[in-house]
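Chemist: In my numbering, the protein residues as written are 140 to 678.
By construction, the Cβ of each residue, glycine as well, lies at the ideal position given by its N, Cα and C atoms.
Handing you this structure, nothing more for now.
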Amino acid sequence: MKYIFVTGGVVSSLGKGLATASIGTLLEHRGLNVTIQKFDPYLNVDPGTMSPYQHGEVYVLNDGAETDLDLGHYERFTNCVLTRFNNLTSGQVFENVIKKERRGEYLGKTVQFIPHVTDEIKARIHELARRNPDVSVILTEIGGTVGDIEGHLFLEALRQFSLEVGRKNVCFIHVTLLPLIRAAGEIKTKPTQQSVAKLREIGIQPDIIICRTEHDLDEDNRRKIAMFCNVEQKNVVAFRDVKHSIYECPLDLRRDKIDRLVVDNLGIGSPTPDLEDWEDFVERVINPKHTVTIAVVGKYIELQDAYKSIYESLTIAGAAHFTKVNVVRVDSEAIEKDGAQKLIGEVDGILIPGGFGDRGIEGKVQTAHYARTMKVPYFGICLGMQVATVEYARNVCDLKGADSTECNKDSPHPVICLQEEQKGVKDLGATMRLGSCESILFAGTRASELYNGVDVINERHRHRYEFNSDYLDQLKDAGLVISSVSVKEGLVEIIELPDHPFYLGAQFHPEFKSKPNFPHPLFSGFVKAALDSKVAIPA
Ligand code: GLN
């Protein structure tokens, strides 16, 4: 097994996650089997209870783990299928250490940061290796920035780890910022020198430095960084701001042959990658033939990261139809004030993503109503499916006051409500209906057609509230089509309307399974419908 550790220096938001995912892609294109994990130094056990404003999207894995959004990049950029063992937080590390202490597993010893906490961190890397017998390279990204107090133990653990498995089996990559000081017209290498010095203080000498830069990296600066940071000049790599799309990142890093440097450093023989499929995909993203405008109506719209996988899924589905998807982000509370017609009257499609709590919910119900009655393609995901159900109950079935009990506990018609097993739940962490589960698709529905007629699908969930089966017959009789139910519990998974260009809601999260080589069928169908309805109504 070979190990790649990716650290970050100077500032956060350098694209360390994208750099790691891109190296993963390039190594896979060299025929290597990889897996990617993320270490997050914060104390939460997982990001599940963190606000999207703090943390961005929570990315859900097949096994139901609620993880950092970088894992979304890893899964989209590679063929890896990740599990809860691919995301380790300080919260998990300390939880494990303290549980072991209580069980008496440290046999009378004083429990210390070194070795007990660092051992716990190292054990996770070995555990991941053990669970992935087919993998020959593990990439580990360390969240945060070198110099952060909370990241220190992770870096110390990696230093020890590299000694234990043999330094030749480990490649340390440091991603850093090369700022351009405009007034002087110069690129500055000092922050990089200092952050590498910080890393070396801990005992880690990077093998490769990835320099995030707005411009190109000239040979003078490359030489300077190499000399001050004690790396070979060829191992100083530029990572430029990509022009159009994050999917250009692997191609940009390939310009300085990052993958070649990594395999040479680790002593792995592998052929030059053939990136034709990736280049084709990027070409479709950056040179589209058509455009559509989709409104995403949510409550965290000002934050780019809050609906990351949704935006990526739209881009990917667009590429499948040679279409650029322009996203208009609309605050559902603004719909409450100004009305749907004014804010989303011009768009080709409307998507309501997942969400929690009652803020802005009536704006979402109004949005679903607008889409249904004005025949605008509508895709509701999780909460977006629930508000479409509420809207149908209120306005088509005439169930006054119909609601989800998440928003109104005393609703006379709780068409969305808690399942029995959720009622006693007190802890908020990891207690939702989470992860992949099977559901049956009913033939003859639009959903079935989009999934190519398969009988059973497997999709990822993250929610507490469900379609209330007490109202099933009433809603069906009024024309709502149930196109999928879960195999185990018979819970409603997909709803749709037949006499509409596209009106579909899914209780699960298809955005967690879309990737360049697998545009999700529901996203693809939605974007196609938006494109068709745009063509149908000439401007
Ligand atoms: N808040 C809703 C629930 O818990 C929807 C969740 C979601 O959209 N992810 O059921």
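Name, in chain order, the residues that DSSP records as bridge partners for residue 465.
Modeler: The partner list for residue 465 (beta bridge, DSSP) reads 432.
Chemist: Contact defined as beta carbons within less than 8 Å: I believe residue 596 pairs with residue 578. What is the distance between those atoms, to the nearest angstrom?
Modeler: With a Cβ gap of about 6 Å, residue 596 and residue 578 count as contacting.
Chemist: Report buried or exposed for residue 374, applying the criterion of at least 16 other Cβ atoms within 10 angstroms of its Cβ.
Modeler: By the neighbour-count rule (16 or more Cβ atoms within 10 Å), residue 374 is buried.
Chemist: Determine the direct distance from the alpha carbon of residue 598 to that of residue 511, and round the result to whole angstroms.
Modeler: If I take the Cα positions, the gap works out to 25 Å.
Chemist: Could you spell out the range, first to last residue, of the alpha helix (DSSP H) harbouring residue 176?
Modeler: It is not in any alpha helix (DSSP H) - residue 176 instead sits in the beta strand (DSSP E) that spans 173 to 179.
Chemist: Could you tell me how far apart the beta carbons of residue 633 and residue 622 are, in whole angstroms, since I believe they sit closer than 8 Å?
Modeler: About 4 Å separates the two Cβ atoms, so the contact holds.
Chemist: Whose C-beta lies closer than 6 Å to the C-beta of residue 255 among residues of the same chain, with five residues either side of it excluded?
Modeler: Within the same chain, residue 255 has close Cβ partners 236.
Chemist: Can you give me the C-alpha to C-alpha distance between residue 383 and residue 481, rounded to a whole angstrom?
Modeler: Spanning the two alpha carbons is a distance of roughly 30 Å.
Chemist: On the three-pair Cβ rule with 8 Å, is the stretch 650 to 660 touching the stretch 604 to 620?
Modeler: No: the two stretches stay apart, fewer than three of their Cβ pairs being nearer than 8 Å.
Chemist: Verify whether the separation of the beta carbon atoms of residue 616 and residue 545 is less than 9 Å.
Modeler: No, Cβ-Cβ distance for residue 616 and residue 545 is not below 9 Å.
Chemist: I need the DSSP call for residue 581, collapsed to helix, strand or coil.
Modeler: Residue 581 falls in the coil class under three-state DSSP.
Chemist: Taking only the alpha-carbon atoms, compute the straight-line gap between residue 678 and residue 484 and give it to the nearest angstrom.
Modeler: Because residue 678 carries a pLDDT of 47, less than 50, the predicted location of this residue cannot be relied on, and the following value inherits that uncertainty. Answer to the nearest angstrom: the Cα atoms are 13 Å apart.
Chemist: For the stretch 433 to 442 against the stretch 401 to 413, are there 3 or more C-beta pairs whose distance is under 8 Å?
Modeler: The stretch 433 to 442 vs the stretch 401 to 413: no contact.
Chemist: Measure how close the beta-carbons of residue 337 and residue 285 come, nearest whole angstrom, since I'm counting them as under 8 Å.
Modeler: Confirmed, Cβ separation roughly 5 Å.
Chemist: So what's residue 204 in DSSP terms, helix, strand or just coil?
Modeler: Correct three-state label for residue 204: coil.
Chemist: Check whether the stretch 192 to 206 touches the stretch 156 to 171, counting contact only when three or more Cβ pairs, one atom from each stretch, lie closer than 8 Å.
Modeler: No: fewer than three Cβ pairs fall under 8 Å.
Chemist: Just tell me which of 471, 591 and 454 has its CA closest to the CA of residue 463.
Modeler: Out of 471, 591 and 454, 454 has the C-alpha closest to the C-alpha of residue 463.
Chemist: Are the Cβ atoms of residue 143 and residue 278 separated by less than 9 Å?
Modeler: Contact: yes.
Chemist: Just grab the DSSP bridge partners of residue 237 for me.
Modeler: Note: residue 237 sits in no beta bridge, so no partner.
Chemist: Check whether the stretch 175 to 188 and the stretch 335 to 350 are in contact - that is, three or more C-beta pairs closer than 8 Å.
Modeler: With the cut-off at 8 Å, the stretch 175 to 188 and the stretch 335 to 350 do not touch.
Chemist: When you compare the CB positions of residue 669 and residue 488, do they come within less than 9 Å of one another, or not?
Modeler: Cβ atoms of residue 669 and residue 488: closer than 9 Å.
Chemist: My assumption, with CB atoms under 8 Å, is that residue 472 sits in contact with residue 493. Please give the rounded CB distance.
Modeler: Not a contact, Cβ separation roughly 17 Å.
Chemist: Whole angstroms is fine: what's the gap from residue 538's alpha carbon to residue 614's?
Modeler: Near 10 Å, if we compare the C-alpha coordinates of residue 614 and residue 538.
Chemist: Using the Cα positions of residue 294 and residue 266, report the straight-line distance between them to the nearest angstrom.
Modeler: The straight-line gap from Cα to Cα measures roughly 18 Å.
Chemist: Mind checking whether residue 232 and residue 317 have CB atoms under 9 Å apart?
Modeler: No. Outside cutoff.
Chemist: Helix, strand or coil: how does DSSP classify residue 662 here?
Modeler: In the structure shown, residue 662 sits in a helix (DSSP, three-state: H, G or I).
Chemist: Any chance you could list the beta strand (DSSP E) runs of at least 3 consecutive residues sitting entirely within the stretch 360 to 437, in chain order?
Modeler: Those beta strand (DSSP E) runs which fall completely within the stretch 360 to 437 and span 3+ residues are 375 to 379 and 429 to 437.
Chemist: Helix, strand or coil, according to DSSP, for residue 678 in the structure here?
Modeler: Annotation note: pLDDT 47 at residue 678 (below 50); position unreliable, coordinate value reported separately. Here residue 678 sits in coil by DSSP.
Chemist: Report yes or no: do the stretch 634 to 653 and the stretch 551 to 570 share at least 3 C-beta pairs separated by less than 8 Å?
Modeler: These segments do not touch.
Chemist: Pick out whichever of 663, 569 and 400 has its Cα sitting closest to the Cα of residue 518.
Modeler: It is 663 whose Cα lies nearest to the Cα of residue 518.
Chemist: Rounding to the nearest angstrom, what Cα-Cα distance links residue 380 and residue 241 in this structure?
Modeler: Distance between the alpha carbons of residue 380 and residue 241: 49 Å.
Chemist: Should the stretch 148 to 163 be called in touch with the stretch 178 to 192, which here means at least 3 C-beta pairs below 8 Å?
Modeler: In short, these stretches do not touch, since the Cβ pair count stays below three.
Chemist: Please name the residue in 192, 550 and 218 whose C-alpha comes closest to that of residue 171.
Modeler: The candidate whose alpha carbon is nearest that of residue 171 is 218.
Chemist: Rounded to whole angstroms, what is the Cα-Cα separation between residue 568 and residue 576?
Modeler: Going from the Cα of residue 568 to the Cα of residue 576 covers about 20 Å.
Chemist: On the CB-based measure, 16 or more other CB atoms within 10 Å of its CB, does residue 443 come out buried or exposed?
Modeler: So residue 443 counts as exposed.
Chemist: Can residue 640 and residue 469 be called in contact, C-beta distance under 9 Å?
Modeler: In this structure, residue 469 does not lie closer than 9 Å to residue 640 by Cβ.
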